[in-house]
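What follows is one structure encoded as structure tokens, with my remarks underneath.
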Amino acid sequence: MARGKVAVKKMATKKAPAKKAPAKKAAGAKRKGRGPSEAVVIRPIKEAYSKSALINLIAEQNEIARKVAVGVYATLEAAMLGSIHPKGLGEFTLPGLLKVTLRKVPARKAGTLVRNPATGEMQPAAAKPASVRVKIRALSKLKGAAIG
């Protein structure tokens, strides 16, 4: 009997993906906006900003179009309102600056005895419907800025 050659299959090996050279930036291309490493100088502000003035400030400080700044402001506003929506999370935090929380206050029946803070005596109170109390708490950066 004639013996034939037996084909030996090699096990499949994974090839390393070809490395691409990093894309070069065009000469003279400037990066817009302020990077995280660039410090913002905090100066005292003597007048309150209107919504329009605040949007203009955001656009100028970050070298972006006013239309983009309006979008940034609208997104922040939508995130805040969505968080404190009755079906939302119930709190919103601007990290380091402030925290907005909601507290549900239960209804009070008429005739419930409550303490009079002036005299300390107990007296019947009027009926009140259930409500939601919004509390805003200052966080570290805001407290530090207020102290100076």
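The numbers in the sequence shown follow the numbering used here, run straight up by one, and end at 476.
Built from N, CA and C at the ideal position, the CB exists for glycine as well.
Who pairs with K427 in a beta bridge, going by DSSP? Answer by DSSP bridge pairing, in chain order: T421, R465.
Please list, in chain order, all residues of the same chain as G472 whose beta carbon is under 6 Å from its beta carbon, the five residues on each side excluded. In its own chain, leaving out the 5 sequence neighbours on each side, no residue places its CB closer than 6 Å to the CB of G472.
Do the segment 426 to 445 and the segment 454 to 465 make contact, defined as three or more Cβ pairs closer than 8 Å? The segment 426 to 445 makes contact with the segment 454 to 465, as at least three CB pairs between them are under 8 Å.
Taking 6 Å as the limit between beta carbons, can you name the residues of its chain near V442, skipping five residues before and five after? If we look at V442 and ignore the five residues flanking it on each side, its Cβ neighbours are A453.
Measuring only the C-alpha atoms, how far is S411 from T421? Using only the alpha carbons, I get a separation of about 9 Å.
How big is the Cα-Cα spacing for A387 and G416? Rounded to whole angstroms, A387 to G416 spans 30 Å at the Cα level.
Report the start-end ranges of each alpha helix (DSSP H) in the segment 374 to 412 that is 4 residues or longer and not cut off at the edges. List check, alpha helix (DSSP H) in window: 379 to 389, 394 to 411.
Tell me the residue span of the beta strand (DSSP E) that contains V369. In the DSSP assignment, V369 falls outside any beta strand (DSSP E) and carries neither an H nor an E.
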